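Participant:
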Amino acid sequence: MSTATISVRHTQREILKQEEAVFSHIPGINKLRQAPPETIPELEAKYPDAAFALMIAGNLFTGDREQNEIHQKAYTAILNGEPITGVRFKYDYDLESYLLNHMWD
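The following block contains the structure:
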């Protein structure tokens, strides 16, 4: 195993540990994680911050490079303790800008 592989795994473990610490303070996060599929829409409406955080964490590598950057920027902001309302506002703005730039692709 190379040194680069060890560093990446170590960093990934640290990030996941930080995610768990930060996400555990978001109201409703555990309820959403453990919910049966039929109750998820109701819980997402009740706990929009938790739903947003889980959506961002689940989409870190979804889409093209620009979409990945948008998701990763929001994820990092959440992990850094920024208010989710502000993170969501920036995310929506960035995603809207992305869509406007690529509407005719």
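When we follow our numbering, the leftmost residue of the sequence shown carries the number 801, and every step to the right adds one. No residue lacks a Cβ here, since even glycine has one placed at the ideal position from N, Cα and C. Bear in mind the structure is a predicted one, so any value in this text is a computation, not a measurement.
1. Less than 8 angstroms between the CB atoms is what I'm expecting for Ala-850 and Ile-829, so what's the real figure, rounded?
2. Near Asp-894, which residues of its chain fall below 6 angstroms by C-beta distance, leaving aside the five closest residues on each side in sequence?
3. Does DSSP classify Ser-824 as helix, strand or coil?
4. Rounded to the nearest angstrom, what separates Glu-814 and Val-887 at their Cα positions?
5. Could you say which of Gln-867, Ala-877, Gly-881, Tyr-875 lies nearest to Thr-901 if we only look at CA atoms?
6. For Ala-821, count neighbouring C-beta atoms within 10 Å of its own C-beta (all shown protein chains included) and say buried if the count is 16 or more, exposed if not.
7. Per DSSP, what kind of secondary structure is Gly-858 in: helix, strand or coil?
Facilitator: Let me lay it out:
1. Rounded, the Cβ-Cβ distance is 4 angstroms, consistent with contact.
2. The beta carbon of Asp-894 sits closer than 6 angstroms to those of Ile-870, all from its chain and outside the five residues before and after it, given in chain order.
3. Here Ser-824 sits in coil by DSSP.
4. Between Glu-814 and Val-887, the C-alpha separation is close to 22 angstroms.
5. First, the amino acid is wrong: residue 901 is Asn here, not Thr. The option with the nearest alpha carbon to Asn-901 is Gln-867.
6. When all chains shown are included, Ala-821 counts as exposed.
7. Three-state result, Gly-858: helix.
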